[in-house]
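Heads up, the thing below is written out as structure tokens.
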Amino acid sequence: MDVTLALQLLVQGVLLGGIYGLIAMGLSLIFGVMGVINFAHGQMMVMGMYVSYWIFVLLGIDPYVSLVVVAAGTFLLGYAIQSSVVNRILDYPEAMQVLPLVAMGLILENTALLLWGPDHRSPQTALGLEALWIGPVMVDVSRLIAFALAILITSLIFFFLKKTDIGKSIRAAADNRTGAILVGIDVNRIFNIAFGIGAASTGAAGALLLPLMPVSPHMGHDFTLTAFIVVILGGLGNLMGALIGGLILGVTESLSTLLLPATLKQVVSFSILVLIMIFRPRGLFGGKK
Amino acid sequence: MDKTRGTDKGMDRRTFIKVAGMTGLGLTATTFGVPTLLRAKPKTIKIGSIQPATGPLAVIGQAQRKGNQLAVDLINSRGGIRSLGGAKLELLLGDSESKPEVGRSEADRLIREGAAVLVGPFQSGVAMAIATLAEQRGVPFVMDVAALDAITQKGYKHVFRVFITARGLVGGAIKYYKMVTESTGVIPKRAVVTNTADPFGKGMSGGFLKAMEKSGLPVKIVERIQYPLGIQDLSAEVAKIKAAKPDILFPVSRIGDSVILVRELYKQKVPLMGIFGPGSPGWYEPEFVKDVGKLALYVMTNVPWINPLSPVYQKANAAWQKKYGGYLDTNSAYAYTGILVVADALERAGSTDTDKILAALKQTNFKDHPVVGGPVRFDEKGDNTGAMTALVQVQPDPDPLKRVKVVLPKEFAQSDKIVFPAPQLWER
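One line per chain: the protein sequences are A and B, in this order. 279 is the number that this note's numbering gives the last residue of the first sequence; the numbers go up by one with no jumps. 492 is the number that this note's numbering gives the last residue of the second sequence; the numbers go up by one with no jumps.
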């Protein structure tokens, strides 16, 4: 086996995995707190990509800088979705929670289609083509930055949930909704914030992906699925699990191309999903039931 | 249902017969009594257009639709189909979403809505599904773009193809590759073929591999890499390409993956004499040329192309620019041609009767089209014997929209020099 190739694939897998982790973390957080699965997740990420695209094209501000604005924007979007739709469906059977969120995904997807058209857009960002070389192995700079920022954002969210009052309220509401209401937490507002944070981390992931791949309105769906696999791998509702699950998926997908044709990539990821479902139904690191 | 409601709101059999009889009489009276009035108002002929307007190929699908529409507008502004009393064409829109089953059900819907002819659908997989349905339903189906040979190999009577076949496409690729290497004296030894794993990508690259082998050209295909349609990351694939140490790359791609591919080739510094597309989208679209900038330069693609020198193209392109902006590219030009061929057949058929349309389509000899190639004539299988490819290369030009230039064959060429080998991607 070609060692350079294997190393190259490993590096790329790890870096991509970090971004997978960030995308999935939002999904995991939303599930962990509200118990709903955000089927509009990939579409929210695409929105993040488009907003950072817009900022880049119109104002010339690099996605790594506009990240903050994009995250704030998607936070508001998430907040609005939670307060207008999701809060009303929390007590419904799961099957009924699916539909409004799928619908939300369709609305976002078609809004993107209306606003930006069907083209694959991929503007040339400043660092988009930079690469570092460690011996014969190439490290893609935009991937590296995305990876580092993904880890940073994940840590910030962790810190926020552990140390701040709102973070503690979120965990309380996730743990025991009735209990949280009884001690005077405004659970609906807390839920809005939690969904907002989930959406913001996804939007941020979108901005990080912009230099890496062309954005088009219909790509969201695939990312919802990817995020789903990652979350199930790490354990639904387990944030650290999402990050590690992302890394595992990224590396496995990347290394699998050594032995299998790339067309079987999805077979690999879904086989992992099935195996996890059979042997560790609550994910590698345990999750919410 | 309870009985009272039935008698209250409905009508009994006698009333029904009476009303029906009177309506029938009335209708007969209008048809026979005042025929001139009716005939003076030209009727419309519906043409069903099924394209992948949403989904991974939405960019192309919508351009195809626009191409169809532009030709319909042209025919209508010229006074419609004259032999049918100036009947106007009307485009019924169907969206295949890039899925064969959806394409089929959309075609079915358009037939039920009265489509006399179907056009479309850009993808061979979808074309196959629609061809079977068109044959069953007895509706002529004129494929504007779809290359897979097998679609027309089943002896269908209702299926025609304006586009080139995959075999023709592959033949063009080998022919031009040979011409380029012989004229420049640069002979690549190792090559990698990549393709998207949809029916077109597989068929096209499979056919190319076989033809390459048979051609006896001194280039060895050392690796074939396939990846799914709509892939978002090609870093692992490009690492594999690099490990195979090719001199030249033969990509069969789609829009989107070509951008990722070329950027990744740059980042991983894969040394190449050049990129030569045997025949696929992705390497000449305005978005690609603009977004990728100098990395897009010198890519060569064998492609059924517009004929930039023809007046028909120039006129159609002007209309396109006025209506949609940008320029009329090869796919939409074929979509445009498809409608022109249908209109030409309708004109000669002088009827919307399927058999007459089919007979007219078989007699087609249509020269006034905007694409590279001879007159559109259909052989007994329904394939266009005049279809032909050109070799285009992206060459430096201050206006990104003018960078894609026909370099071969000479009679259609816009630029007489071919840049090969190309400077390495990172040395530009």
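Positions of the beta carbon are idealized from the N, C-alpha and C atoms, including for glycine.
Nearest-angstrom Cα distance between residue i and residue j?
i	j	result
W123/A	F29/A	39 Å
L237/A	G8/A	6 Å
K158/A	M230/A	17 Å
S415/B	I421/B	7 Å
L57/A	P126/A	32 Å
I289/B	A136/A	27 Å
G97/B	T216/B	Interpretation of G97/B is limited by its pLDDT of 43, a score under 50 that renders its predicted location unreliable; no figure is taken from the coordinates.
A454/B	Q72/A	54 Å
G346/B	A383/B	24 Å
P113/A	V205/A	9 Å
P473/B	F340/B	16 Å
F269/A	A252/A	26 Å
L101/B	G143/B	In this prediction, L101/B has a pLDDT of 45, which is less than 50 and means its spatial position is unreliable; nothing more can be read from the coordinates.
D419/B	K331/B	57 Å
D155/A	F275/A	26 Å
Y377/B	E349/B	17 Å
A308/B	R327/B	18 Å
L215/A	V88/A	14 Å
D130/A	L199/A	13 Å
G25/A	I266/A	20 Å
A198/B	V226/B	16 Å
D165/A	I171/A	11 Å
L245/A	V257/A	13 Å
P164/B	A261/B	15 Å
V(-7)/A	A140/A	28 Å
L248/A	L(-3)/A	11 Å
L103/A	I45/A	18 Å
T95/B	P315/B	At T95/B, the pLDDT of 45 sits below 50, so the modelled position is not reliable and the matter cannot be decided from this model.
Verify whether the separation of the beta carbon atoms of residue i and residue j is less than 8 Å.
i	j	result
V458/B	P368/B	no
V181/B	V206/B	yes
T428/B	A409/B	yes
V221/A	S42/A	no
A217/A	A62/A	no
M364/B	P252/B	no
Q187/B	L233/B	no
I180/A	A163/A	yes
P292/B	K153/A	no
A238/B	S279/B	With the sequence shown as reference, residue 238/B is identified as Ile, and Ala is not the correct amino acid for it. A contact, by the Cβ cut-off of 8 Å.
V280/A	G38/A	Nothing can be reported for residue 280/A, as the shown portion of chain A is limited to -9 through 279.
V185/B	I175/B	According to the sequence provided, residue 185/B is Pro. The question's Val does not apply to it. Result no, Cβ atoms of P185/B and I175/B do not sit closer than 8 Å.
L226/A	G193/A	no
G150/B	A399/B	no
In terms of DSSP beta bridges, what is residue i paired with?
i	result
F264/B	In DSSP, F264/B forms no bridge with anything.
Q115/B	D159/B
M267/A	DSSP lists no partner for M267/A.
V353/B	Its beta-bridge partners do not exist; DSSP assigns none.
K153/A	According to DSSP, K153/A bridges with nothing at all.
R254/B	K284/B
N132/B	BP columns for N132/B are empty, so no partner.
Which residue marks the beginning of the alpha helix (DSSP H) containing residue i, and which one marks its end?
i	result
I13/A	-7 to 24
A399/B	394 to 413
Q378/B	375 to 388
G213/A	Per the sequence shown, residue 213/A should be read as Phe rather than Gly. F213/A -> alpha helix (DSSP H) spans 210 to 224.
Which stretch, first to last residue, makes up the beta strand (DSSP E) that contains residue i?
i	result
P315/B	312 to 316
G184/B	181 to 184
R146/B	No beta strand (DSSP E) contains R146/B, which DSSP labels as neither H nor E.
D130/A	127 to 130
N366/B	364 to 367
Y291/B	284 to 291
M337/B	Run containing M337/B: none; DSSP gives neither H nor E here.
F224/B	223 to 225
A121/A	121 to 124
F46/A	F46/A -> not in any beta strand (DSSP E); alpha helix (DSSP H) instead, spanning 31 to 49.
Q457/B	454 to 458
V468/B	468 to 472
V206/B	205 to 207
I'd like to know if residue i contacts chain E, where contact means its C-beta is closer than 8 Å to some C-beta of that chain.
i	result
K304/B	Any reference to chain E falls outside this structure, whose protein chains are A and B.
Give the C-beta separation of residue i and residue j to the nearest angstrom, bearing in mind that I take them to be a contact with Cβ-Cβ under 8 Å.
i	j	result
G11/A	V241/A	Going by Cβ atoms, the distance from G11/A to V241/A rounds to 11 Å, so no, they are not a contact pair.
K110/B	G178/B	5 Å
T118/B	D159/B	6 Å
M209/A	V36/A	6 Å
V286/B	L273/B	Actually they are not in contact, since the Cβ atoms of V286/B and L273/B sit about 12 Å apart, beyond 8 Å.
E411/B	S147/B	5 Å
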